[in-house]
Amino acid sequence: MVTLEDVKKSQVLKQYMLSGNEYIGNIGAIEHNMKHAEWTAELCRDILLQVGATEREAELGAIAGYLHDAGNLVNRYGHGLSGAMIAFYVLLDLGMDYEEIATIMGAIGNHEEKAKGSSVNRVAAALILADKSDVHRSRVRKRDKSLFTARDRVNYAVTRSTIKVDKENRRILLLMRIDTRVCSVIEYFEIFLTKMLMCRRAAAYLGYAFALIINDHQLL
1 MVTLEDVKKS QVLKQYMLSG NEYIGNIGAI EHNMKHAEWT AELCRDILLQ
51 VGATEREAEL GAIAGYLHDA GNLVNRYGHG LSGAMIAFYV LLDLGMDYEE
101 IATIMGAIGN HEEKAKGSSV NRVAAALILA DKSDVHRSRV RKRDKSLFTA
151 RDRVNYAVTR STIKVDKENR RILLLMRIDT RVCSVIEYFE IFLTKMLMCR
201 RAAAYLGYAF ALIINDHQLL
């Protein structure tokens, strides 16, 4: 069976991901680098294991998390759909089972809020939660704060972000620490409300409630 480690060995895929991150950097987008890919992969795996998935389903989640932004090579907008097709060819070449490819394609193709993505399967739900929780100042490329967009400012304000699965109370918690000297909590919602609603629906698909906790206060 194809594993995440097998996928990581693909030099073609690695070049696609590196080039995609470089291309969107040229239009001012935040980092979607290998660190984000690996972080999303492992968090997606962990979420699935915590909610009772099999080791294999969790491995598919890790692969989807690693591949989810490959479509930035083609265009930032609609990258979920192009990323799903890139994943199809890479995974087919690796000899992955067709049903497993379909699961991963569905997850990648549905992780974008602007494309009205939704939790079409459990891997997709975990991917949404993992990807949308990776908000942090380390992802902002610009060093001149006067050039920050609203999205840059919100990402830069976040000094800590983590997902916790509370199995006892069946809640998935997104815990964040925001430097309110950089942006207000209201500004966070203005930029990321759609993402948070996606997370709430994703948690519900997994049979959990979703809670957003910023600076020790529950806001959603």
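Residue numbers (my numbering): 1 to 220. No residue lacks a Cβ here, since even glycine has one placed at the ideal position from N, Cα and C.
Compute the distance between the beta-carbons of I163 and V185, then report whether it is under 8 angstroms.
no
**M105 beta carbon less than 8 angstroms from that of A125** = no
* Could you name the residues that DSSP lists as bridge partners for L174? => I163 and L212
- Message: Do L43 and A130 count as a contact pair if the criterion is CB distance below 8 angstroms?
- Response: yes
Check: Thinking C-alpha only, which one of T40, V51, L73 and A53 is nearest I224?
Finding: In the structure as shown, the chain starts at 1 and stops at 220, and residue 224 therefore has no counterpart that could be examined.
- Query: Shortest alpha-carbon distance to M196 belongs to which of L13, Y156, A211 and G207?
  - Reply: A211
Item checked: C-alpha gap between L193 and L174, whole angstroms -> Using only the alpha carbons, I get a separation of about 13 angstroms.
Should M1 go down as buried or exposed, given a rule of 16 or more other Cβ atoms within 10 Å for buried? exposed
Along the chain, where does the alpha helix (DSSP H) containing G71 start, and where does it finish?
That residue, G71, is in no alpha helix (DSSP H); it is neither H nor E in DSSP.
| Starting from V123 and walking both ways along the alpha helix (DSSP H), at which residues does that stretch end? | R122 to K132
Notebook entry, point to check: Between N155 and the rest of its own chain, which residues show a CB-CB distance below 7 angstroms, the 5 nearest in sequence each way excluded?
Noted result: If we look at N155 and ignore the five residues flanking it on each side, its Cβ neighbours are I30, V135, H136, R137, R139 and V140.
What would DSSP say about H217, mapped onto helix, strand or coil? DSSP, reduced to helix, strand and coil, places H217 within a strand of the structure shown.
I want to know whether the segment 67 to 79 touches the segment 10 to 30 - three or more CB-CB distances under 8 angstroms. Enough Cβ pairs lie closer than 8 angstroms, so yes.
DSSP-derived helix/strand/coil call for V154: helix
Run of the alpha helix (DSSP H) containing I191, from where it starts to where it stops: V185 to Y205
task: From the DSSP output, in three-state form, read off T40 for me.
output: helix
key: Beta-carbon gap between G71 and S82 smaller than 8 angstroms   = yes
Looking only at C-alpha atoms, which of Y16, A157, E59 and R201 sits nearest to L4? E59
### Cβ-Cβ distance between Q50 and K132 below 8 angstroms
no
- Message: Considering Cα atoms alone, identify which of L48, V90, G52 and T54 is closest to K14.
- Response: The shortest C-alpha to C-alpha distance from K14 to any of L48, V90, G52 and T54 is the one to V90.
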